[in-house]
Amino acid sequence: MIYETRVYRCLPGRLPALLKRFETITLKLWEKHGIKQAGFFTTLVGESNQELTYLLAWESLADREKKWTAFQSDPEWISARAKTEEDGQIVGNIVNQLLVPTSFSSVK
Numbered sequence: 001m002i003y004e005t006r007v008y009r010c011l012p013g014r015l016p017a018l019l020k021r022f023e024t025i026t027l028k029l030w031e032k033h034g035i036k037q038a039g040f041f042t043t044l045v046g047e048s049n050q051e052l053t054y055l056l057a058w059e060s061l062a063d064r065e066k067k068w069t070a071f072q073s074d075p076e077w078i079s080a081r082a083k084t085e086e087d088g089q090i091v092g093n094i095v096n097q098l099l100v101p102t103s104f105s106s107v108k
């Protein structure tokens with residue numbers, strides 16, 4: 001397995017809009033494309049409380065490429081994303097990492 005950590009840094013005051021989009025739109029589209037989430041987190045203590053951090057689980061890099069590309073190019077996603085940003089941009093930037101578990105990790 002490969003895990004992807006993604007941190008979305010929202011523009012001031014826009015985190016609630018991002019959370020709503022994930023809960024009501026994005027997760028359904030991920031299910032459609034076979035994308036598996038491994039957890040979502042907001043920041044309690046840290047540099048900013050306007051961040052959403054989440055983990056995705058992939059079988060391989062090829063699995064990620066296929067599913068993520070299909071999701072990103074899905075007309076339903078493109079339309080929904082545009083609609084949720086009618087009041088303005090939500091995310092300022094995204095940082096992601098692809099991770100491989102160590103031999104002694106409790107997550108494999």
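In this text, residue positions in the sequence shown follow my numbering: the first is 1, and each later residue adds one.
Glycine is no exception: its CB is placed at the ideal position from the N, C-alpha and C atoms.
Note that the structure is predicted; figures quoted are calculated from it, not measured.
Run of the beta strand (DSSP E) containing residue i, from where it starts to where it stops
| i | result |
| --- | --- |
| Ile94 | Val91 to Leu99 |
| Ile2 | Ile2 to Cys10 |
| Leu56 | Glu51 to Trp58 |
Residues of its chain near residue i, where Cβ-Cβ distance is below 8 Å and the 5 sequence neighbours each way are ignored
| i | result |
| --- | --- |
| Ile94 | Arg6, Val7, Tyr8 and Arg9 |
| Gly92 | Arg9, Cys10 and Leu11 |
| Ser105 | none |
Limits of the alpha helix (DSSP H) - the one that residue i falls within
| i | result |
| --- | --- |
| Thr69 | Leu61 to Gln72 |
| Glu76 | Pro75 to Thr84 |
| Leu27 | Leu27 to His33 |
| Ile20 | First, the amino acid is wrong: residue 20 is Lys here, not Ile. It spans Leu15 to Arg21 - the alpha helix (DSSP H) in which Lys20 sits, taken as one unbroken run. |
Beta-carbon proximity list for residue i, same chain, < 6 Å, skipping 5 on both sides
| i | result |
| --- | --- |
| Gly34 | Lys67 |
| Thr84 | Arg21 |
Euclidean distance between Cα positions of residue i and residue j
| i | j | result |
| --- | --- | --- |
| Ala82 | Phe71 | 15 Å |
| Ile2 | Glu86 | 34 Å |
| Arg64 | Glu4 | 9 Å |
| Gly39 | Val45 | 18 Å |
| Thr24 | Asp74 | 16 Å |
| Arg56 | Lys36 | The question names Arg, yet the displayed sequence has Leu at residue 56. Distance between the alpha carbons of Leu56 and Lys36: 6 Å. |
Member of the options whose CA lies at the smallest distance from the CA of residue i
| i | options | result |
| --- | --- | --- |
| Ile78 | Arg21, Thr102, Tyr3 and Ile2 | Arg21 |
| Thr42 | Glu76, Leu19 and Ala80 | Leu19 |
Beta-carbon proximity list for residue i, same chain, < 7 Å, skipping 5 on both sides
| i | result |
| --- | --- |
| Ala62 | none |
| Gln89 | Leu11 |
* Are three or more beta carbon pairs between the region 4-19 and the region 46-55 nearer than 8 Å? -> In the pairwise beta carbon analysis, the region 4-19 is classified as touching the region 46-55: at least three pairs are separated by under 8 Å.
* Does the region 97-108 come close enough to the region 22-34 to have 3 or more Cβ pairs within less than 8 Å? -> Put simply, the region 97-108 does not touch the region 22-34. Fewer than three CB pairs are less than 8 Å apart.
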